[in-house]
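Undergrad: Using my numbering, the letters of the sequence shown map in sequence onto residues 281 to 473.
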Amino acid sequence: MTTRKGAATRQRIVEAAAAEIRERGVNATTLDDVGSRSGTGKGQIFHYFPQGREELLLAVATHEADRVFDGQQPYLDDLTSRAAWEAWRDLIVRQYRDQGLYCPLGVLISDVGRHSPASQAIAAQLVRRWQECVRAGVKATQAAGEADPGLDADRTAAAIIGSIQGGVTVLLSTGSTEHLEAGLNFCLDRLLL
Numbered sequence: 281m282t283t284r285k286g287a288a289t290r291q292r293i294v295e296a297a298a299a300e301i302r303e304r305g306v307n308a309t310t311l312d313d314v315g316s317r318s319g320t321g322k323g324q325i326f327h328y329f330p331q332g333r334e335e336l337l338l339a340v341a342t343h344e345a346d347r348v349f350d351g352q353q354p355y356l357d358d359l360t361s362r363a364a365w366e367a368w369r370d371l372i373v374r375q376y377r378d379q380g381l382y383c384p385l386g387v388l389i390s391d392v393g394r395h396s397p398a399s400q401a402i403a404a405q406l407v408r409r410w411q412e413c414v415r416a417g418v419k420a421t422q423a424a425g426e427a428d429p430g431l432d433a434d435r436t437a438a439a440i441i442g443s444i445q446g447g448v449t450v451l452l453s454t455g456s457t458e459h460l461e462a463g464l465n466f467c468l469d470r471l472l473l
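1. Tell me, please, which residues DSSP counts as bridged to Leu-472.
2. Considering just the uninterrupted stretch of the alpha helix (DSSP H) at Phe-349, what are its terminal residues?
3. Give me the Cα-Cα distance between Arg-435 and Val-414, rounded to the nearest whole angstrom.
4. Do you know how far the Cα of Val-306 is from the Cα of Leu-452?
5. Going by the beta-carbon positions, is the gap between Tyr-355 and Trp-368 smaller than 7 Å?
6. What are the start and end residues of the alpha helix (DSSP H) that includes Ala-308?
7. Is the beta carbon of Ile-301 sitting closer than 7 Å to the one on Thr-320?
8. Spatial neighbours of Ala-433 within its chain, please: CB distance less than 6 Å, with the 5 preceding and 5 following residues excluded, ordered by chain position.
9. Look up Pro-397 in the DSSP assignment and say whether it is helix, strand or coil.
10. What is the C-beta distance between Ala-341 and Ile-402, in whole angstroms, given that I count them as a contact (C-beta under 8 Å)?
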């Protein structure tokens, strides 16, 4: 049973680790870095994460997954019209442009997600959850008569999520959101009437 103060300390450690990993990568981030940034010592880190680095990385993966998903609300739950899709697209592009190389999605998918089957499962869960929201949006927009009724909602949602992830990967490599914008625009041009 964790006290409120203990939960706050644990959260501070997770947020510090996430920030360090976004800035430096998993391999360059040490527990000393996390302790320094969070104002905690190794003893506290191991108190909250007794299995050590792997357990902390899983907590970071969960934190980053929630951060990505929550950062797209309320737009993601309201994909029912051209205007709503365009507002969501604009939010995504703006967020990733502002985050640049410190992108939580990139950290989750390409850095933390490679470390273990458990962290891959967290990344897969985020993608499934995200894709389900987009699929629901495709279906709602089709029902409203503003999207191509002949498109398969699951495949369309998968293409949109793949376009975002691909665009973010290019962003992390080049610093440019050009591919992210182009991919999203292409998908929305195909989807919307």
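Just so you know, even glycine gets a beta-carbon here, dropped at the ideal spot from N, CA and C.
TA: In short, the structure shows the following:
1. Ala-427
2. 333 to 350
3. 10 Å
4. 15 Å
5. yes
6. Neither: Ala-308 is in no alpha helix (DSSP H) and is coded neither H nor E.
7. no
8. Arg-415, Val-418, Lys-419
9. helix
10. 4 Å
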